[in-house]
Amino acid sequence: MKKGSKNIIGYMGILLLYTLVGIIGTYIPLIYTLFPLLGIPLTLWSYKKNTGWMWIGSIIIPVLVSLLGHPTSSAFLFLMLGIPSVISGLQIREKDSIPQVLFITGLVYFAGFFLFSFYLKQIQGIHVPTLYYSYVEKWQVWFLGLLEEQQKLLQSSTGGTLNQEVLFQSYGIMRMAAKEAAYLLQNLFPSILLVLCMVGALIQVVLGGLIIQGMGWEEIHFASLTQMGVTPIIPILLLCTWLLAATTNLENYWILETALSNILFVFSILFFYLGVLLVIHIIRASKINMVFRILIGFFSFVWFFLSPSFFVFLGFFDGLFNLRKTKQVF
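Under our numbering, the first residue of the sequence shown is numbered 127, with each subsequent residue one higher.
1. Say whether the stretch 137-144 touches the stretch 165-173, bearing in mind that this needs 3 or more beta-carbon pairs closer than 8 Å, one atom from each stretch.
2. Measure from the alpha carbon of T256 to the alpha carbon of each residue in R219, L311, I218, then state which is nearest.
3. For A411, collect the residues of the same chain with a Cβ closer than 7 Å to its Cβ; drop the 5 residues on either side in sequence, then sort them by chain order.
4. Does the Cβ-Cβ distance between L143 and Y173 come in under 9 Å?
5. Report buried or exposed for P361, applying the criterion of at least 16 other Cβ atoms within 10 angstroms of its Cβ.
6. Measuring CB to CB, does P162 end up less than 9 Å from A327?
7. Hey, how far is the Cα of F442 from the Cα of S394?
8. Taking only the alpha-carbon atoms, compute the straight-line gap between F398 and I420 and give it to the nearest angstrom.
9. So, with DSSP's three-state summary, where would you put G355?
10. Closest to V402 by CA distance: which of T159, V417, W380, R450 is it?
11. Given a cut-off of 9 Å, decide if I224 and S350 are closer than it, judged by their beta-carbon atoms.
12. Quick one: what does DSSP say W171 is sitting in, helix, strand or coil?
13. To which residues of the same chain is H407 closer than 6 Å at the C-beta, ignoring the five residues directly before and after it?
14. Under 8 Å: do the stretch 315-331 and the stretch 220-238 share three or more Cβ pairs, one atom per stretch?
15. Between A304 and the rest of its own chain, which residues show a CB-CB distance below 8 Å, the 5 nearest in sequence each way excluded?
16. So what does DSSP say about K305, is it helix, strand or coil?
Structure below.
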C-alpha cells in the first residue's frame, strides 16, 4: 500500500476514533476523566505525521461531533483533547526536553479547562466552580454526619466506660480537621486543578514517549525529569509570598488571600518534588555502605508521609543553591 494511502487511512481512523469518543462522552461523561489516555493517539499522530493535517483534524472532529448534535462534547474535544495533544506531539517532535513538554502541555490543559468552563457557563448555564464547591460542601456534611454517628455508636457500645471528655475532644479535633480540609479544598480549587492538569500531562507525555521509544522512532530522555531544577528567583519569590501571607492581615482582601494561598500551594508541590529528587541524589552520590543507603532510603520513605514539609524545605534550598548541580529548567 502506498504511503499516501496509509496516511489517508490513518487520518480517517483518527477522525472516526475521536468522533466516537465525542458521541460516547455525551452519554457517559466519566470517559472524559481519561483525557490523558484519550489524547495519546493524537499525540503520536501529530508527532509522526504532517502537522498541518493535525490542526485541521482538531477542528474537523469537533465540527463533526457538533453536527451530530453533541456541541458540549465537541467543545471538550477541541479544548481538552485536540489542542493539548497536538501541542505535546509537536514539542516531542521538536526534541524539547520532557519537563518543558510536560509544563507547557499542563498549562494548555489548564487554560483549556477554563475556556471549557466559560463555554459551560455561557451556553449551558453550568458554573463549574459553584458545582465544585457544592460537592465539597456535600462531602463535609456527609463526613461530619459520619463522625457523629461513630461517636454515638462508640458511646453506646462502651457503656460509658471511656472517658467522655477525651472522646468528645478527639471527635472535636476530627470535626475541625474535616472543616479545615473542606475550606482548603474550596480555597485551593485553581491550584488543585493546575496540579491535576500537570499530572494528566505527565501521564500523557510519559506514556506517549514510551510508545515512541518502543516503536523505535526516537530515543526519549526521561532522565531529564529527575534532572530538572529552578532558577534561584523561584525560591526567593516563594519566600516573599510566604512572608506577605504570614505578616499581612488579608481578611478584608479575600481575593489576594486566595491568590497567595494558591501560589504557595503550587510552589510547595514543586519544591516537594525537588526535595524528593535531592534525597535520591544524596543517597546515590553517597559512598557509605549499601546497607546504610537502604536504611536511609527507608527512613526517608517513612518521613515522606510523616513530614512532607521537610521535603519542601529541602527542595527550597536545592532551588536556591542548585545543590544537585542540574540544568535549570524553570
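Glycine included, each C-beta is placed from N, C-alpha and C at the ideal position.
Computed from a predicted model, the values in this text were never measured in an experiment.
Working from what's here:
1. yes
2. L311
3. none
4. no
5. buried
6. yes
7. 9 Å
8. 21 Å
9. strand
10. R450
11. yes
12. helix
13. R450
14. yes
15. Q266, F269, L270, L273
16. helix
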